[in-house]
Amino acid sequence: MPLMKPTMDVGIIGYGAYVPRYRLPASEVSRVWHPGGDRAPVEQKAVAGPDEDTVTMSIEAARNALARAEIAPARLGAVWVGSESHPYAVKPTSAIVAEAIGATPHVLAGDWQFACKAGTEALQAALALVGSGMTPYALAIGMDTAQSRPGDVLEYTAAAGGAAYIVGPGDEAVALLQGSVSFATENPDFWRRPQQNYPEHGGRFTGEPSYFRHTLAAATELMEALGRTPQDYAYAVFHQPNRRFPREAAVRLGFSAEQIKAGLLVDRIGNAYAGSSMLGLGALLDVANPGDRVLHVSYGSGAGSDAFEWLVTDGLHERRHRAPLTSYYVNRVQEIDYATYARYRNKLQME
Amino acid sequence: MSIPMYWRTSHQRLALTGEVCPTCEAKLFPPRDICPHCNSPAKTRFDFCGRGTVYSYSLVNVAPRGFERCAPYVVALVALEEGPLLTAQLTETDPQDVFIGMPVEMVTRRMREGSEQGLIEYGYKFRPCMERAEA
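Each protein sequence line maps, in turn, to chains A and B. So the first sequence is numbered by this note's numbering: it starts at 163 and just counts up by one. So the second sequence is numbered by this note's numbering: it starts at -1 and just counts up by one.
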């Protein structure tokens, strides 16, 4: 059976977003690299500042999640960070985050890697860890400062941001896990070799055999296993690599534009990679009501999807305002030009 | 920053952790183990809330080595809510928007760019207080 669910009731007890404030308009990428063309797959993308990276952004998202959960950080049994932009090749992001939020020393710290679904991999594992009774609380983060080769089509979308989720017992949850399905195959759609600054991708191959196959399979199998139809959900959120893919996935599955609207952030922040669907879920929790069901499906190249069903509880309304809403981060915008972007993201090799 | 200093100061840099004097209850930052107010031993850990106000500030246009990427930036004296005055960079703000008395909050950021092979130094900076959602 593809459906996964721990024997204990578990859920999200706190969540927190982070998106840096800088935005690179797509028109700037077009101006520099594709004058006269209209290739922009988003309006703009979020760009990390010169003093930000996956560690610093994870720390802020984790602090927001802790503020909503209102638990002592030392009670976290795990701090896991999923990303494809860990600042060190060897030295865990998670240990720095755990130290900064006060979760050390008795904590299982680890970094996860699975392209854009590294965050939901960590979330799946956190649900299992708490659901097995090994620890009462676990923190899973999906966060990225995504890389892209100057001039490549990915430069329009490769963005920065993410979200943190604290998993805990079901009776403390703001969103209860109803079940999940993970669907993964070997798939050559996107990769980055060691010591390479920028990823390679399979162009049009990233669509049908990659994003759509895995996203649709995980979502369909989860709904079938739980006996649901799209009409049973108040909201759905999918991985958002560009403007078209999540909208088309929703249509193919039978979801309306209204069901995905609140979690669709790609137009305003780009593709936050491991943070993409995690941020979208946070935006949904910012507006959801008790009793709402949420379908949440990630996608990561290589390739795989994790699909979750969340049932919003009465506890959400009280905890929602203990930290900045996702929309606050999405709406705080300072536009930068391509030259500033190149400086902030180290696009110029100085020596 | 040397590796021993990096390790020794990690709590205060990453989480704004100081000490409280058990005798006179003064809050101390950075931690110094002896209270400068009453000279008593003071080793009790204290986590500052991270909020404060700009006491004074200066604009750095010509940055020292390792800090060039963020220039121009503001270095401020920040008066923490609990009392201590500390020196820190401001981030997420334009220099012309800074004023004495500005409410600020602590964030953890990359501090200094060393070599490609070296340690990445993380520490505290301050930014204008973010607005909180209304309940």
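The beta carbon of each residue, even a glycine, is placed where N, CA and C say it ideally should be.
A straight-line Cα-Cα distance of about 47 Å links GLY81/B and PRO312/A. Distance between PRO70/B and LYS25/B, taken at the CA atoms: about 32 Å. Its Cα nearest to that of MET104/B, the residue TYR122/B stands out among ARG67/B, ALA40/B and TYR122/B.
Collapsing the DSSP output to three states places VAL428/A in a helix.
A check of alpha carbon separations from LEU388/A across GLY464/A, VAL343/A, LYS423/A and SER438/A identifies VAL343/A as the nearest. Excluding five sequence positions before and after THR89/B, the CB atoms of its chain that fall closer than 8 Å to its own CB belong to CYS68, TYR71, VAL105, ARG107, LYS123, PHE124 and ARG125, given in chain order. Interface criterion met: the Cβ of GLU261/A is under 9 Å from a Cβ in chain B. Nearest Cα to VAL102/B within the set CYS22/B, LEU117/B and THR85/B: THR85/B. Spanning the alpha carbons of TYR461/A and ALA277/A requires a straight line of approximately 8 Å. Between ARG49/B and GLU79/B, the CB-CB gap stays under 9 Å. In the structure shown, TYR55/B falls within a strand segment according to DSSP collapsed to helix, strand and coil. Using a C-beta cut-off of 8 Å, the segment 194 to 214 of chain A makes no contact with the segment 288 to 304 of chain A, since fewer than three inter-stretch Cβ pairs fall below that distance. Contact between SER467/A and HIS376/A holds: CB atoms are separated by about 4 Å, below the 8 Å threshold. Beta-bridge pairing by DSSP links GLY50/B to LEU78/B and VAL102/B.
Using a Cβ-Cβ cut-off of 9 Å, THR475/A does not count as an interface residue toward chain B, since no Cβ of chain B sits closer than that to its own. Scanning its chain for C-beta atoms nearer than 8 Å, with the 5 sequence neighbours on each side dropped, one finds around GLY369/A the residues PHE407, in chain order. Against ILE221/A, the close residues of chain B are THR106, in the order they occur along the chain (beta-carbon pairs closer than 7 Å). Within the model, the alpha-carbon separation for GLU232/A versus LEU443/A is close to 20 Å. In the structure shown, the three-state DSSP call for MET(-1)/B is coil.
Across the structure, SER8/B and GLU114/B are spaced so that their CA atoms are roughly 21 Å apart.
A straight line joining the alpha-carbon of GLU480/A with that of ARG455/A spans about 18 Å. At a cut-off of 9 Å between C-beta atoms, TYR503/A does not count as an interface residue with respect to chain B. What THR85/B touches in chain A, judged by beta-carbon distance under 8 Å, is nothing: the nearest beta carbon there is about 16 Å away. Contacts with chain B (Cβ-Cβ distance below 9 Å) from the segment 290 to 306 of chain A involve no residue at all. Scanning chain A for C-beta atoms nearer than 9 Å to the C-beta of GLU23/B yields nothing, as the closest lies near 22 Å away.
Taking the beta carbon of CYS68/B as reference, the chain A residues within 7 Å of it are PRO212 and ASP213, listed in sequence order. The way I'd put it, the segment 212 to 224 of chain A does touch the segment 294 to 306 of chain A; three or more beta-carbon pairs between them come closer than 8 Å.
The three-state secondary structure of TYR327/A, taken from DSSP, is strand.
Collapsing the DSSP output to three states places SER192/A in a helix.
Residues of the segment 249 to 275 of chain A with a C-beta atom less than 8 Å from some C-beta of chain B are PRO249, TYR250, ILE258, GLU261, ALA262, ILE263 and GLY264, listed in chain order.
The continuous alpha helix (DSSP H) containing MET219/A extends over residues 216 to 231.
The alpha-carbon separation between VAL52/B and THR91/B amounts to approximately 13 Å. Residue pairing of ASP31/B in beta bridges, as defined by DSSP: ALA40/B. With fewer than 16 other CB atoms across the displayed protein chains lying within 10 angstroms of its CB, LYS253/A is exposed. Nearest C-alpha to SER247/A among LEU426/A, GLY281/A, LEU441/A and TYR490/A: GLY281/A. Within the model, the alpha-carbon separation for ALA322/A versus ARG201/A is close to 20 Å.
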